[in-house]
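Peer 1: Would you mind keeping the following structure in view while I ask a few things?
Chains as they are written, first to last, in the working numbering: chain A, 1 to 276; chain B, 277 to 543.
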């Protein structure tokens, strides 16, 4: 009876739930992005106007720029440090580093805002070594707030990247290292010629995970700065939430959300292709 | 190697530092704005009890637990069946269906949150556990389905062949041959899903007004607005909602680490 369609019956329940609660809302977001709408009353067709606003309104361009900077911050630290750790420490990084993966981001954000506050441990250590001039409210100063958010993201993702990269290194054939050493390679050459190409796939996965985390970094920003001070840490995820549920500009929020999706795919697709 | 050890210890310290800060701050007198990383003269252990009582952290924990206990089994059941169908019973269009789920792996939650709010409202489920559980199940399905598909795709084909020769249909083969062998994949998946659900914030904020019916993280998000000035109490509350995920994970850290590596290789 079932024959070639039996698989459908297994897939159908999951696909139905996914379709109703993810795929259809995604299509609706795309549709809303072409209208001006407060979410309740009548809507007006505005075509690409919302998209034009996303790319010209400074209040909406800034979050996109911040998101791209956070991609660099969230990815670079964990990937570079993780690679160094994986290459240097054979048995693998300590599992303490995984702790941030389990801590609720909202609790982590709170902990960091205390740590980085004017009387927090970071400033006290700076003062202890005589750097009074450097001390500041890191998350409250518009020149350092975004960097501080970047540090929090890097903190959260380092363990995962270190773990993945060291798993990749462990899988490499020891004979490759022996061959490199016989050829007279030093530690750096060995790293360049054997380790790095060997863990290309893992580097790709790390970049994907960290980029997606950076582009949809809602939790950490929500709890530490709410986008402030003065929009210095506004990110698209928070802006979508704010536009849709506070400002009641559903069309604009939707256009920003669509741009966010395109941005994620634009970052992820080439990385995946490169790392295959 | 000495340098490697140094780096390891340094990173471990940096990793634990924020949590240590949370802990020390939680012991200061409530209502004060404590200096960083100092042990208080007279530690207020009572802050934990106070957070439990006055901030109703106990109810937040309970509601977080209810959400996890509803979301995780539902994702496991749906995704085990779907993963099996996609891996073992390919049908016309199954590759496209898999593609839909794979895209869901990187889809930002913010991209669906507005229509989702309207859908849940239209279903009359705003401010209810069900109204939070259904969307959370749906957004975790891509992970679950792709994860279980990978597991079943790499499963040994021989026992299933034998069962089929003996006349077992697709359901019987699934139920009696493949499912009993999927225990490890299911346990790892359950572990990751529990952590993610417990910590989920965005949908909880949007779909549930009453903080005491949210996920644990969502409840804390509301506490922050309410006692933003009482930092020690806030930190005590944060630790109370962190402990139920961190303690089991410290005990299960090997499995958690393996699950994360496997999760990444699935992506």
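Cβ coordinates follow ideal geometry from the N, Cα and C atoms, glycine included. Quick caveat, the model's predicted, so the values are computed rather than measured.
(1) Starting from the C-beta of residue 70 of chain A, find all residues in its chain whose C-beta is less than 8 Å away, skip the five residues before and the five after it, and write them out in chain order.
(2) So, does the CB of residue 438 of chain B fall closer than 8 Å to a CB anywhere in chain A?
(3) Counting Cβ pairs closer than 8 Å, one from the region 479-497 of chain B and one from the region 402-419 of chain B, do we hit at least three?
(4) CB-CB under 7 Å to residue 221 of chain A, same chain, minus the five flanking residues each way: which ones, in chain order?
(5) If you follow the alpha helix (DSSP H) that residue 306 of chain B is part of, which residue opens it and which one closes it?
(6) Can you give the beta carbon distance from residue 523 of chain B to residue 99 of chain A, rounded, assuming they're within the 8 Å contact cut?
(7) Closer than 8 Å is the cut-off here; do at least three beta carbon pairs connect the region 392-402 of chain B with the region 341-352 of chain B?
(8) Within 10 angstroms of the Cβ of residue 294 of chain B, are there 16 or more other Cβ atoms? Answer buried if so, exposed if not.
(9) What does DSSP give as the partner residue(s) for residue 45 of chain A in the beta ladder?
(10) Given this structure, state the Cα-to-Cα distance separating residue 416 of chain B from residue 469 of chain B, to the nearest angstrom.
(11) Does residue 308 of chain B come within less than 8 Å of chain E when only Cβ atoms are used?
(12) From this set, A:42, A:73, A:113 and A:96, which residue's C-alpha is nearest residue 311 of chain B's C-alpha?
(13) Going by C-alpha to C-alpha distance, which of A:261, A:161 and A:263 sits closest to residue 76 of chain A?
(14) Just the C-alpha distance for residue 118 of chain A and residue 534 of chain B, rounded to the nearest angstrom, thanks.
(15) How close, in whole Å, do the beta carbons of residue 251 of chain A and residue 32 of chain A come, if the pair is a contact with beta carbons under 8 Å?
(16) Helix, strand or coil for residue 385 of chain B per DSSP?
(17) Nearest-angstrom Cα distance between residue 471 of chain B and residue 513 of chain B?
(18) Taking CB distances under 8 Å as the criterion, tell me whether residue 319 of chain B reaches chain A.
(19) Less than 8 Å between the C-beta atoms of residue 507 of chain B and residue 309 of chain B, yes or no?
(20) For the pair the region 443-452 of chain B and the region 336-344 of chain B, tell me if three or more CB-CB distances fall below 8 Å.
(21) So the alpha helix (DSSP H) residue 254 of chain A belongs to, where does it begin and stop?
(22) Below 8 Å on the Cβ atoms is my contact criterion, and I expect residue 255 of chain A with residue 54 of chain A to pass it. Report the Cβ-Cβ distance as a whole number of Å.
Peer 2: Looking at the atomic coordinates:
(1) Here the question's residue 70 of chain A lines up with position 70 in the first chain. Answer for residue 70 of chain A: 146, 149, 150, 153, 214, 215, 217 and 235, listed in chain order.
(2) Residue numbering aside, residue 438 of chain B sits at position 162 when the second chain is read from its first letter. No, no contact with chain A.
(3) They touch, by the three-pair rule.
(4) Locating residue 221 of chain A in the first chain gives position 221, where the first residue counts as 1. Excluding residues within five positions, the ones whose Cβ falls inside 7 Å are 149, 227, 233, 235 and 238.
(5) Looking up residue 306 of chain B in the second chain gives position 30. First-last for residue 306 of chain B: undefined, no H or E at that position.
(6) The count along the second chain starts at 1 and reaches residue 523 of chain B at position 247. The count along the first chain starts at 1 and reaches residue 99 of chain A at position 99. So it is not a contact: roughly 11 Å between Cβ atoms.
(7) Cβ pair count under 8 Å is below three, so no.
(8) Here residue 294 of chain B refers to the residue found at position 18 when the second chain is read from its first residue. So residue 294 of chain B ends up on the buried side.
(9) Within the first chain, numbered from 1, the residue matching residue 45 of chain A stands at position 45. Its beta-bridge partners are A:35.
(10) In the second chain, counting from the first residue as 1, residue 416 of chain B sits at position 140. In the second chain, counting from the first residue as 1, residue 469 of chain B sits at position 193. Annotation: residue 416 of chain B to residue 469 of chain B spans about 8 Å, alpha carbon to alpha carbon.
(11) No chain E appears in the structure shown, which is made up of the protein chains A and B.
(12) Sequence index remark: in the second chain, residue 311 of chain B carries index 35 (1-based). Comparing alpha-carbon positions, the option among A:42, A:73, A:113 and A:96 lying closest to residue 311 of chain B turns out to be A:113.
(13) Residue mapping note: residue 76 of chain A aligns to position 76 of the first chain, counting from 1. For residue 76 of chain A, the closest of A:261, A:161 and A:263 by C-alpha to C-alpha distance is A:161.
(14) On the first chain, position 118 is the one that residue 118 of chain A refers to. On the second chain, position 258 is the one that residue 534 of chain B refers to. Each residue's alpha carbon lies about 39 Å from the other.
(15) Here residue 251 of chain A refers to the residue found at position 251 of the first chain. Here residue 32 of chain A refers to the residue found at position 32 of the first chain. Under the criterion of beta carbons closer than 8 Å, residue 251 of chain A and residue 32 of chain A qualify as touching, at roughly 6 Å.
(16) Sequence index remark: in the second chain, residue 385 of chain B carries index 109 (1-based). The answer is helix: DSSP assigns residue 385 of chain B an H, G or I state.
(17) For the purposes of this step, residue 471 of chain B is taken as the residue at position 195 of the second chain. For the purposes of this step, residue 513 of chain B is taken as the residue at position 237 of the second chain. Going by C-alpha positions, residue 471 of chain B is about 18 Å away from residue 513 of chain B.
(18) Residue numbering aside, residue 319 of chain B sits at position 43 when the second chain is read from its first letter. It does not: the Cβ of residue 319 of chain B has no partner Cβ on chain A nearer than 8 Å.
(19) By one-based count along the second chain, residue 507 of chain B stands at place 231. By one-based count along the second chain, residue 309 of chain B stands at place 33. In this structure, the beta-carbon distance from residue 507 of chain B to residue 309 of chain B falls below 8 Å.
(20) No, the region 443-452 of chain B is not in contact with the region 336-344 of chain B.
(21) The count along the first chain starts at 1 and reaches residue 254 of chain A at position 254. That run of the alpha helix (DSSP H) goes 250-275.
(22) Locating residue 255 of chain A in the first chain gives position 255, where the first residue counts as 1. Locating residue 54 of chain A in the first chain gives position 54, where the first residue counts as 1. Contact annotation, residue 255 of chain A with residue 54 of chain A: C-beta distance approximately 5 Å; criterion of less than 8 Å satisfied.
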